[in-house]
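In our numbering, the protein residues as written are 411 to 920.
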């Protein structure tokens, strides 16, 4: 096996193993499952591990170089209108190719799938153009975020309440494994040719603003459509008896996801081809490497999506129903928090962001520290989601104070943490969140007789919210420690050496 691929698979194994262990322990202690169901889940986990490893290697070889190349080439164009137009076109194309958007479109009632996909894609394109213009014009990210989220919260009071949770869910769902590596790399490329002190911090924030587009798009559609209840097809666990049944089940879905991912990757491949024809940026060796990377990305995503949707999604729904229908339904809250802590580590886009953060900050913010911070944030959000589902708490009761706190923190922390925090909110909710945590919430909601649109949906929105706060709190701690260090440095004798603050696993800064 390729040494680099072996390393990525090993990382995937360490991310997926904890959540697999939790599910198996719960199936033994709390919710007895048929052996066939367990085998389906374990098969999905194996596909997840290899798929995630291949995808991460493919993103590193293909998506990142393409995104950075487009960003650098855009920066060389001095006309802001052309830069914004390119960002709009690229953002729209890449979003249409996002598999998670198709999942969202299938779950939102009353809105035709094509209408929703095109509207959301255009929304992402518009806000990506705004995000790119912000980097070029050096507009503070926190100022734009305060304006955008104030508009979203205000707008949410004027649409049917059934659409609010779905709208905020869409912001996290549409920035998934296809769009995130490309958009993050494009931001790094845009800021790379700048030499000012804010270049590193401005390389983040594209995902944050791009996530606003889908929310606003679905809120606007909510003015024209009025759903009364969710139309959601129940996810049933397949009945399997032999190992042949398990293989047959996965093989029957494999062509479906192979076609879906192919349709998703073709627009990005087309962007690469057109970009190369006009810019001649890449050498023949670079083109070969990117082509191989796209193949890795394709195979990885097919395995990943098949494993998640066939092996994980049915189990999530079963867990939710069984736990919520028992006398100890309150266990959903701590169990959900525990699952949330580990499940975010298995999101492929999270690992892409964390490595990008470590690279851009030269190790000052380590990938381990980001992983720990994200896990804590998502654990809190999933626990809150389960509590909200059981007690029927309106989503805005949590979103409004949460975003207010996040926006206040954005004025207090170093600039780079603002972009990282709001980007992390967009990438925390990926395919595993939508295919395991959302069915978990829906299953629990059905068991307690709640309204799917108002009580079950919203878990993705909360998963997108809490990392904003968690990462910025890490930034606040970083700022306080830096100021304290600076004070000690001024007071210390000149002979003493400087100390460097580095975030590493196991340190108090985690």
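Note that CB positions come from ideal geometry on N, CA and C, so glycine has one too. Keep in mind it's a predicted model, so treat the numbers as computed, not measured.
- Remark: C-beta atoms of residue 828 and residue 551 approach each other more closely than 7 Å.
- Sequence-distant Cβ neighbours of residue 575 in its own chain, meaning closer than 7 Å and more than five residues away, are 805, 863, 864, 867, 868 and 871.
- Pairing residue 840 with residue 757 gives a Cβ-Cβ distance under 7 Å.
- In the three-state DSSP reduction, residue 591 falls in the helix class (H, G or I).
- Counting every other CB atom within 10 Å of its CB across the protein chains shown gives residue 856 a total of 16 or more, marking it as buried.
- DSSP places residue 456 within a helical segment (H, G or I) once states are collapsed to three.
- For residue 568, no alpha helix (DSSP H) run applies, since DSSP gives it neither H nor E.
- Pairing residue 821 with residue 530, the inter-Cα distance amounts to about 29 Å.
- Using a Cβ distance threshold of 7 Å, residue 611 and residue 598 do not count as a contacting pair.
- Inclusion of residue 710 and residue 491 in the CB contact set at 7 Å is not warranted, their separation being larger than that value.
- Per DSSP, reduced to three states, the secondary structure at residue 902 is coil, with no helix or strand assignment.
- When the alpha-carbon of residue 539 is set against those of 500, 800, 522 and 750, the nearest one is in 500.
- Contact fails between the region 686-705 and the region 435-444, because fewer than three Cβ pairs, one in each stretch, are under 8 Å apart.
- For residue 664, the CB contacts under 6 Å within the same chain, skipping 5 residues up- and downstream, are 716 in chain order.
- The shortest C-alpha to C-alpha distance from residue 661 to any of 420, 562 and 453 is the one to 453.
- Distances from the CA of residue 480 to each of 602, 730 and 596 were compared; the closest alpha carbon is that of 596.
- Annotation: residue 545 to residue 473 spans about 21 Å, alpha carbon to alpha carbon.
- Taking 8 Å as the upper bound for CB-CB distance, residue 526 and residue 631 are in contact here, some 7 Å apart.
- By the neighbour-count definition (other C-beta atoms within 10 Å, threshold 16), residue 696 is an exposed residue.
- By the Cβ-count criterion, residue 624 is buried, with 16 or more other Cβ atoms from all chains shown falling within 10 Å of its own Cβ.
- Residue burial annotation: residue 560 is exposed, with fewer than 16 other C-beta atoms found within 10 angstroms of its C-beta.
- Excluding five sequence positions before and after residue 468, the CB atoms of its chain that fall closer than 6 Å to its own CB belong to 703, 706, 707 and 710, given in chain order.
- Taking C-alpha positions only, residue 852 is separated from residue 484 by approximately 43 Å.
- Secondary structure note for residue 711: its alpha helix (DSSP H) is the uninterrupted segment 694-716.
- Across the set 682, 555 and 634, the C-alpha of 555 shows the shortest separation from the C-alpha of residue 619.
- One alpha carbon belongs to residue 824, the other to residue 887, and they sit about 10 Å apart.
- Distance from the CA atom of residue 760 to the CA atom of residue 486, rounded to whole angstroms, is 29 Å.
- Taken atom to atom, the span from the alpha-carbon of residue 497 to that of residue 456 is near 37 Å.
- If you draw a straight line from the Cα of residue 721 to the Cα of residue 848, it is about 15 Å long.
- Per the coordinates, the alpha-carbon of residue 894 lies some 45 Å from the alpha-carbon of residue 700.
- In the three-state scheme derived from DSSP, where H, G and I count as helix and E and B as strand, residue 824 is classed as coil.
- Taking the CA atoms as reference points, residue 429 sits about 16 Å from residue 443.
- Put simply, of 633, 541, 466 and 719 the residue whose alpha carbon is nearest the alpha carbon of residue 422 is 466.
- Inclusion of residue 879 and residue 816 in the CB contact set at 7 Å is warranted, their separation being smaller than that value.
- Scanning the region 858-901 from its first residue to its last, the whole alpha helix (DSSP H) runs of 4-plus residues come out as 869-901.
- In this structure, residue 668 places its C-beta atom within 7 Å of the C-beta atom of residue 712.
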